[in-house]
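Take a look at the structure below.
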Amino acid sequence: RLLQAIARLFFGDGAMPAAQASREYVAFRSWVDASGNAHSDRSERPYAAVVTRAPALDSSTRSSLHARLEGLWAKESGRDALPDLAMHAVPIEIRQPMPAAARAAATPALRAALSNLGLASDQLRWSREGDVEIGRATLVILAEAAADWATVPVGSP
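In this note's numbering, the protein residues as written are 168 to 324.
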């Protein structure tokens, strides 16, 4: 249903192309071989992800999340946990110019941002900075280390 909604968003209710998506993380990799030739490839890899409101991923939080994600990864992929599974943290931040009491009557922009991320307002840790409310969370992903990531693995400097 989500894919149909995305296609309808772009093409309306008229004839629309079929939309497809993978249930797995799509990894892209590029490299230059010893001869100087550029290569790239695409692969689909299982992953597991959770959203946490924890303000910092200390060692206790990391350990707990890693165990939880390994269980999710095994369940989703049907495979045992691999030794090269790596955790990655993706910070999420949504800014909203409104007082905390008005959050229940969120603006269309806030509702759209939450919907785009697949989050509910209560999954974010809200704070106020001046006249802006800021909702923060961290998306923690467990995937094979072989995938290229633009984020820094949890626990890395």
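Even glycine gets a Cβ: it sits at the ideal position worked out from N, Cα and C.
As the structure is a prediction and not an experimental result, all values here were calculated from the model.
{"Query": "Look up His233 in the DSSP assignment and give the residues it is bridged to.", "Result": "His233 pairs with nothing; no bridge assigned."}
{"Query": "Give a yes or no on whether the C-beta atoms belonging to Ala221 and Thr228 are separated by under 7 Å.", "Result": "yes"}
{"Query": "Let me confirm a value: His206 is counted as buried when at least 16 other C-beta atoms fall within 10 Å, else exposed. Which label applies?", "Result": "exposed"}
{"Query": "Report the three-state DSSP secondary structure of Ser202 (helix, strand or coil).", "Result": "coil"}
{"Query": "Distance, Cα to Cα, Pro258 vs Ala304?", "Result": "6 Å"}
{"Query": "My output table needs one value for Ala310: the three-state DSSP class, helix, strand or coil.", "Result": "strand"}
{"Query": "Are the Cβ atoms of Gln263 and Glu296 separated by less than 7 Å?", "Result": "no"}
{"Query": "In this structure, what does DSSP give as the bridge partners for Ser207?", "Result": "Ser197"}
{"Query": "Any idea if Ile173 is buried or exposed, counting beta-carbon neighbours within 10 angstroms, 16 or more meaning buried?", "Result": "exposed"}
{"Query": "In angstroms with no decimal places, state the Cα-to-Cα distance between Ala267 and Ser197.", "Result": "Low confidence applies to Ala267: its pLDDT is 49, below 50, so where it sits in the model is not reliable enough to give any reading."}
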